[in-house]
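Protein chains: 2
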Amino acid sequence: MERVGAIVPAAGHGRRMGGRDKLFLPLGGRPLLAWCIETLESCDLVGEVVVALNPAGLKRAALLSEARGWCKTRACLGGARRQDSVAAALLLLGSVDWVLVHDGDRPFLTEQLIRDGIDAARDTGAAVAAVPSKDTVKVVDAAGLVVQTLERDALRAVQTPQVFRADILLRAYAVTGESATDDATLVERLGCQVRLYDGAYENLKVTTPDDLVVARAIARRWKGAG
Amino acid sequence: MERVGAIVPAAGHGRRMGGRDKLFLPLGGRPLLAWCIETLESCDLVGEVVVALNPAGLKRAALLSEARGWCKTRACLGGARRQDSVAAALLLLGSVDWVLVHDGDRPFLTEQLIRDGIDAARDTGAAVAAVPSKDTVKVVDAAGLVVQTLERDALRAVQTPQVFRADILLRAYAVTGESATDDATLVERLGCQVRLYDGAYENLKVTTPDDLVVARAIARRWKGAG
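Protein chains in written order, with this note's numbering: chain R, 17 to 242; chain L, 17 to 242.
As structure tokens, this is what we get:
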């Protein structure tokens, strides 16, 4: 049986949410962070979960964990950047074959996305959920002029889960000093191939108050369907 | 006084909205399409508006125009692709110096976005509203492997308004046969420089039912502020 450990970076400060810590905002009857954690908790494929939080979040998550009976999930202090949080969580994770990283502010994780990610990662050792870009995307120069319009059909907006063979992710974190907006980018810099697999538009990242409006609509649908 | 004509492509069929014609869905007390048309109607900078519709839309828009007292706006039959609709509308537009193209399914157009677009277009003859990309975007090959992770800081998600010197846009439409997801791309293919200017995240395109949920939240804010 392969061992899968999950890391949930959740140490951000929610600046675009008006200063409130978005991870603990109510969403369909439970805090936003509880959604993805509880999908990981209930998924048999996942052996353990480490969530990286800021100091205030650590306290709130401890209470939440006890109240909701989380049993696979431990917490650690995250860092200033997303990748600092992932690095801190990696240190706490036990010996695993695969590491699945999932943003704490993407509540609508499903068992399907977890399973598909692990399956997709078998090929090259790294897989990332992604959806076709809805936008026309252009590259701009410092003067504000268009340098290039990208071929939309080939563009994917990256989500999480991002699943890696543990040794690859450890190596990526051992060598890197540079910033990256996702873990796969660090792995790509090692020269490793990364496979994209089908994410879901519903698997949104809750960043702004408008995102929260959408999330609440989706949460109502999920409860209606559940 | 410079003459500015506006074109509103609105002939799409709303396939991602469950088959309903999204342009006539209610949004804060008026049909979605009425929002941008009425901002153009009330903006002194804009002399005339041509909206391109599908056959069913033409009938509904005629009733709407009469009911709401639109006086600068005429309609034409649009085409299968967005650019076919813009080409049809261009034929109907009078002699103007500038053409402003705005998607009919972006309700939250403001006079500021119109004014800024015209100002920005003075430099090179073409300007497009855009916002920084929120997503990490990767380029994928046919096998589903990542070819490139794009430098997010240089990426802009393109919106409308897109404003063009009339002769440039006419030339772009005269020579092009290829498809493009926005008008600026056609202009870029002529070798013309396109300037990006600051759009707004609120200036969203309503494509899916979840987009409509966000649009209704924004419409409530606008009415609350108005």
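Every residue gets a Cβ at the ideal spot worked out from N, C-alpha and C, and that includes glycine.
Computed from a prediction, not measured in an experiment: that's the story for all the values here.
Chain-ordered chain R contacts of residue i [CB-CB under 7 Å]
i	result
A241 (chain L)	What A241 (chain L) touches in chain R: nothing, since even the nearest Cβ is about 15 Å away.
V155 (chain L)	A170 and L171
E64 (chain L)	Simply none; closest approach about 26 Å.
Cβ neighbour criterion (16 or more within 10 Å) applied to residue i
i	result
R122 (chain R)	buried
P42 (chain L)	exposed
G110 (chain L)	exposed
M33 (chain R)	buried
P25 (chain R)	buried
C87 (chain R)	exposed
L79 (chain L)	exposed
A50 (chain L)	buried
G85 (chain L)	exposed
A104 (chain R)	buried
A173 (chain L)	buried
G73 (chain L)	buried
A231 (chain L)	buried
Within chain R, the residues that residue i reaches when beta carbons sit closer than 8 Å
i	result
Q209 (chain L)	L161 and V162
V229 (chain L)	V229, V230 and A233
A146 (chain L)	K154 and V156
A200 (chain L)	K154, V162 and T165
V179 (chain L)	In chain order: nothing, as chain R lies at least about 14 Å away.
Beta-bridge pairing of residue i - partner residues as DSSP gives them
i	result
A159 (chain L)	DSSP, once it has assigned bridges, lists no residue as partnering A159 (chain L).
T89 (chain R)	R:V65
G95 (chain L)	G95 (chain L) is not bridged to any residue.
T165 (chain L)	L:K154
W114 (chain R)	R:V20 and R:R181
D214 (chain R)	R:A146
L43 (chain R)	R:R46
V174 (chain R)	R:A146
P25 (chain L)	L:A68
Option in the options with minimal Cα separation from residue i
i	options	result
V203 (chain R)	R:L39, R:V67 and R:R181	R:R181
V153 (chain R)	L:M17, L:R168 and L:A159	L:R168
G94 (chain R)	R:L107, R:V174 and R:R84	R:L107
T197 (chain R)	R:S101, R:D132 and R:V66	R:S101
P254 (chain R)	R:V230, R:R32, R:S58 and R:S81	Not covered by the structure: residue 254 (chain R). The range shown for chain R is 17 to 242.
V266 (chain L)	L:R31, L:C87 and L:V163	As displayed, chain L neither begins before 17 nor continues past 242, which places residue 266 (chain L) out of reach and without an answer.
K75 (chain L)	L:R98, L:C87, L:D60 and L:A91	L:A91
S195 (chain R)	R:Q99, R:G73, R:N219 and R:V230	R:Q99
T223 (chain L)	R:G133, R:D151 and R:P71	R:D151
M17 (chain R)	R:C208, R:R84, R:V112 and R:A104	R:V112
I184 (chain R)	R:R131, R:R138, R:A83 and R:R36	R:R138
T176 (chain L)	L:S58, L:T140 and L:T126	L:T126
N219 (chain L)	R:E218, R:N219, R:D226 and R:D214	R:D226
A132 (chain R)	R:A173, R:A188 and R:C59	One point to set straight first is that residue 132 (chain R) is Asp, not Ala, in the sequence displayed. If we check each option's Cα against that of D132 (chain R), R:C59 comes out closest.
R31 (chain R)	R:A96, R:E57, R:D135 and R:R205	R:A96
A27 (chain R)	R:N70, R:A231, R:A188 and R:R232	R:N70
L322 (chain L)	L:G21, L:R19, L:R36 and L:V20	Nothing about residue 322 (chain L) can be read from this structure; chain L reaches only from 17 to 242.
D135 (chain L)	L:V230, L:L61 and L:A233	L:L61
D214 (chain R)	R:A143, R:E57 and R:A104	R:A143
T89 (chain L)	L:A72, L:A83 and L:L56	L:L56
V20 (chain L)	L:I234, L:F124, L:Q178 and L:A231	L:Q178
I234 (chain L)	L:A83, L:S149, L:P148 and L:F124	L:F124
Within 8 Å, strictly: CB atoms of residue i and residue j
i	j	result
D119 (chain L)	K38 (chain L)	no
R236 (chain L)	G44 (chain L)	yes
A146 (chain L)	L212 (chain L)	yes
V115 (chain R)	I23 (chain R)	yes
V191 (chain R)	A200 (chain R)	no
A216 (chain R)	L129 (chain R)	yes
A77 (chain L)	V67 (chain L)	yes
L171 (chain L)	A188 (chain L)	no
T165 (chain R)	C208 (chain R)	no
Proximal chain L residues relative to residue i, where beta-carbon distance stays under 8 Å
i	result
D119 (chain R)	Those within 8 Å of D119 (chain R) in chain L number zero; the least Cβ separation is about 11 Å.
L212 (chain R)	K154, V156, G160, L161 and V162
T197 (chain R)	T152 and R168
D60 (chain R)	Within 8 Å Cβ-Cβ: nothing; D60 (chain R) doesn't reach chain L, min ~26 Å.
Partner residues on chain L for residue i, Cβ-Cβ distance less than 9 Å
i	result
T223 (chain R)	K150
E204 (chain R)	K154, V162, Q164 and T165
V102 (chain R)	Result: empty, since nearest Cβ-Cβ is about 14 Å, beyond 9 Å.
Chain-ordered chain R contacts of residue i [CB-CB under 9 Å]
i	result
E194 (chain L)	Here the premise fails: no neighbours, minimum Cβ distance about 12 Å.
V191 (chain L)	Per Cβ cutoff of 9 Å: no residues; V191 (chain L) is ~17 Å from chain R at best.
8 Å Cβ cutoff, residue i in contact with chain A
i	result
G133 (chain L)	Going by chain labels, chain A is absent from the structure shown, which instead holds the protein chains R and L.
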